[in-house]
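Going left to right, the sequence shown walks through residues 1 to 266 as the UniProt record's numbering numbers them.
From the three backbone atoms N, C-alpha and C, an ideal C-beta is built for every residue, glycine too.
This structure is a prediction, so every number in the text was calculated from the model and none was measured.
Inspection log for the structure reproduced underneath, given as structure tokens.
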Amino acid sequence: MNFEHKVVWIIGASSGIGAGLAKALALHRAHLIITSRDYTALKSLEELVENRTRCTILPADMTDNAGLPQVVERAISIHGHIDIVIHSAGVGQRSAAVDTQLAVYHQLMAVNFFGPLTLTQYLLPHFKRQGHGHVVAISSMSGLMGFPLRSGYAASKHALKGYFETLQVEHTLDNFYVTIVSPGRIKTGLSLSALTGDGAPYDKMDKGQLNGIPVNECVVRILKAISHKKKHVIIAKSEHLLYLLRILIPSAYYRIARRRGLQADN
Ligand SMILES: NC(=O)c1ccc[n+]([C@@H]2O[C@H](COP(=O)([O-])OP(=O)(O)OC[C@H]3O[C@@H](n4cnc5c(N)ncnc54)[C@H](OP(=O)(O)O)[C@@H]3O)[C@@H](O)[C@H]2O)c1
1 MNFEHKVVWI IGASSGIGAG LAKALALHRA HLIITSRDYT ALKSLEELVE
51 NRTRCTILPA DMTDNAGLPQ VVERAISIHG HIDIVIHSAG VGQRSAAVDT
101 QLAVYHQLMA VNFFGPLTLT QYLLPHFKRQ GHGHVVAISS MSGLMGFPLR
151 SGYAASKHAL KGYFETLQVE HTLDNFYVTI VSPGRIKTGL SLSALTGDGA
201 PYDKMDKGQL NGIPVNECVV RILKAISHKK KHVIIAKSEH LLYLLRILIP
251 SAYYRIARRR GLQADN
């Protein structure tokens, strides 16, 4: 894996998978730009990463549509170019569709879909001018199949996968790569900030989340996929089996997903 001197912009770097990627990429001597809303969390991360001089903090809110063009300009201006952008910003959901307010759907789409889409649209001309670029989209197994209590989350991740897979198929730029990552449960705090039906945070660490794949293992597999310019990688345990059932024996998928997904604390 050679990330040395590569300029890597990580959005959603303040915690979880994004923070894990930042720490690992710093060890690989990449030049990092780290983004999320929380300046204090980004500052603590900057203090942790290997060789802080190669790490720049760029706070931004993915839902601030009007401000995103300037964020992209600022990101490019830091080193004069960007080699790899990793979209890891995301928000989860824990509510049945029937109990979910429309505003929650808008928020999930804004962070999980329109944020990465908007930044990528602004970056494409830059990648075209410089003759190369690599976009990494952290989607989800919920971007491949529905799962109870995730109607808006699954919709946003299906949209994300649809957009990035189409970029892969269009293939209009040379030396331009898109890697879509579909994780199952990873052991992060995603369920803490997940939105409930009225938009309040779920504020609990799910059993499913607690028993998820460790962040470090997920990070190693993501970096390997980027290095090999993989189009799609699944990083999951039982969710992978559920997805295979979805393809091979759909009736079993509907039965098992419903039973497992509606269990409390999952
Ligand atoms: N953990 C899992 O089980 C799992 C499974 C499948 C997919 N994923 C995906 O992996 C990605 C990372 O999630 P994670 O598990 O690492 O959870 P996490 O620790 O909660 O990380 C989410 C990141 O998104 C950032 N973020 C949230 N809203 C934002 C906004 N409006 N603008 C900018 N940044 C925002 C957060 O930073 P601030 O709060 O500082 O803004 C944080 O850095 C997400 O896209 C998630 O959907 C996770």
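Beta-bridge partners of residue i, as assigned by DSSP
| i | result |
| --- | --- |
| Leu195 | Gln93, Pro201 |
| Met33 | The question names Met, yet the displayed sequence has Ile at residue 33. DSSP output for Ile33 lists Trp9, Thr56 as bridge partner(s). |
Where the beta strand (DSSP E) through residue i begins and ends
| i | result |
| --- | --- |
| residue 311 | The structure shown does not extend to residue 311, since the chain is modelled only from 1 through 266, so no value can be given for it. |
| Gly115 | Segment 115-130 is the alpha helix (DSSP H) holding Gly115; no beta strand (DSSP E) there. |
| Ala137 | 133-138 |
| Thr56 | 55-57 |
| His87 | 84-87 |
Start and end residues, alpha helix (DSSP H) containing residue i
| i | result |
| --- | --- |
| Ile78 | 68-79 |
| Leu40 | Note on residue identity: the sequence assigns Thr, not Leu, to residue 40. 39-48 is the span of the alpha helix (DSSP H), which, as asked, contains Thr40. |
| His28 | Looking at the DSSP string, His28 is not in any alpha helix (DSSP H), and its letter there is neither H nor E. |
| His5 | Per DSSP, His5 belongs to no alpha helix (DSSP H) and is neither H nor E. |
| Gln107 | 102-109 |
Cβ separation of residue i and residue j, assumed to be a contact under 8 Å, to the nearest whole Å
| i | j | result |
| --- | --- | --- |
| Gly152 | Gln93 | 5 Å |
| Gly189 | Ile235 | At roughly 18 Å, the Cβ-Cβ gap does not stay under 8 Å, so Gly189 and Ile235 are not in contact. |
| Ala22 | Val49 | 6 Å |
| Gln107 | Gly16 | Gln107 to Gly16, Cβ: 18 Å. No contact. |
| Thr35 | Ile10 | 7 Å |
| Gly143 | Lys157 | 3 Å |
| Ile138 | His87 | 6 Å |
| Thr179 | Val220 | Actually they are not in contact, since the Cβ atoms of Thr179 and Val220 sit about 14 Å apart, beyond 8 Å. |
| Val136 | Ile84 | 7 Å |
| Ala89 | Val111 | 6 Å |
| His5 | Arg29 | 7 Å |
| Val72 | Leu124 | At roughly 10 Å, the Cβ-Cβ gap does not stay under 8 Å, so Val72 and Leu124 are not in contact. |
| Leu173 | Lys128 | 5 Å |
| Lys229 | Gln209 | Contact flag wrong, Cβ pair sits at about 30 Å. |
Going residue by residue through the stretch 173-259, where are the continuous beta strand (DSSP E) segments of at least 3 residues, counting only ones entirely within it? 176-183, 232-235, all fully within the stretch 173-259.
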